[in-house]
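Below: the structure, in structure tokens.
Numbering (my numbering), first residue to last: 718 to 1012.
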């Protein structure tokens, strides 16, 4: 996952007009898994050799993945290149995590605040809102990232689930977890967002309709995907861009144009992912496609 961010971060910083020299841009990471997408953002350094982006909050339900999020958050709270020797001693199993966190309790507490073990869609929405508002602290320039669970979209997952329980597959709630991502866009209106998923999402269908087409429609006008009595009924609209093909950000629906093929950018693996870059319409941001020489 890290490679995906190296492909896009330069363009994202341009949307904010200049590279950060003091305070990094805050990032909210949803459905974070073990944090690959966030690692990519966090790895970019500005001209002062400081991190240009800071993960302010990552949300993940899996307890094992959450442990990784917490540990990597702890690592990132130290200046770039200045992690303590004890961190590496823990990785070598020479000391315990408890000993590591006890010695650097300030950083451990910050990591525990940043990495939230919670299941979107089940934890009360008010709690999610409070958490996000708390970590953003009123800042206007920030980014939302993440990818809803892909088991219901991947070709292997769909084949297995349909074979075992065809009726259950159509009702699988994971088809619609992207709406938890959508709720946060509608309520908090980030200037930009990056949504990632497997290529299988392009051919996934529910009740005969293409899931990807509906997702694009909803991401362009988040509030319209919910009932009129929702408290975020008034919301900005977004242009949805591809990072590899020039597209009309307001209406383009050719799913293959949103696929990033890693081997085309010098990555030694054939990993293909759908990457959607959303930008609030009123920002009129300059737009740049990825190039091989950006690596």
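All residues carry an ideal CB built from backbone N, CA and C; glycine is no exception.
Just so you know, these numbers come straight off a predicted model, no measurement behind them.
Using only CA atoms, which one of the options lies nearest to residue i?
i	options	result
residue 769	937, 758 and 983	758
residue 836	749, 969 and 905	749
residue 794	856, 826 and 854	826
residue 893	932, 779, 966 and 903	932
residue 799	1001, 854, 829 and 767	767
residue 917	788, 808, 848 and 972	972
residue 855	895, 819, 906 and 833	906
residue 999	967, 803 and 981	967
Taking 9 Å as the cut-off, decide whether the C-beta atoms of residue i and residue j are in contact.
i	j	result
residue 752	residue 777	yes
residue 745	residue 860	yes
residue 706	residue 811	Absent from the structure is residue 706, since the part of the chain shown begins at 718 and ends at 1012.
residue 928	residue 921	yes
residue 900	residue 939	yes
residue 997	residue 953	yes
residue 864	residue 913	yes
residue 771	residue 742	yes
residue 936	residue 993	yes
residue 915	residue 995	no
residue 807	residue 816	yes
According to DSSP, simplified to helix, strand and coil, what is residue i?
i	result
residue 794	coil
residue 914	strand
residue 856	coil
residue 970	coil
residue 902	helix
residue 890	For residue 890, the predicted model reports a pLDDT of 47, less than 50, meaning its position is unreliable; a value from the coordinates is still stated below. Three-state result, residue 890: helix.
residue 923	strand
residue 1033	This structure leaves residue 1033 out entirely; the chain is present only between 718 and 1012.
residue 771	strand
residue 958	strand
residue 996	strand
residue 940	helix
residue 830	helix
residue 752	coil
residue 862	strand
Stretch-stretch touch, CB-based, cutoff 8 Å, three pairs: the region 988-996 with the region 970-978 = yes
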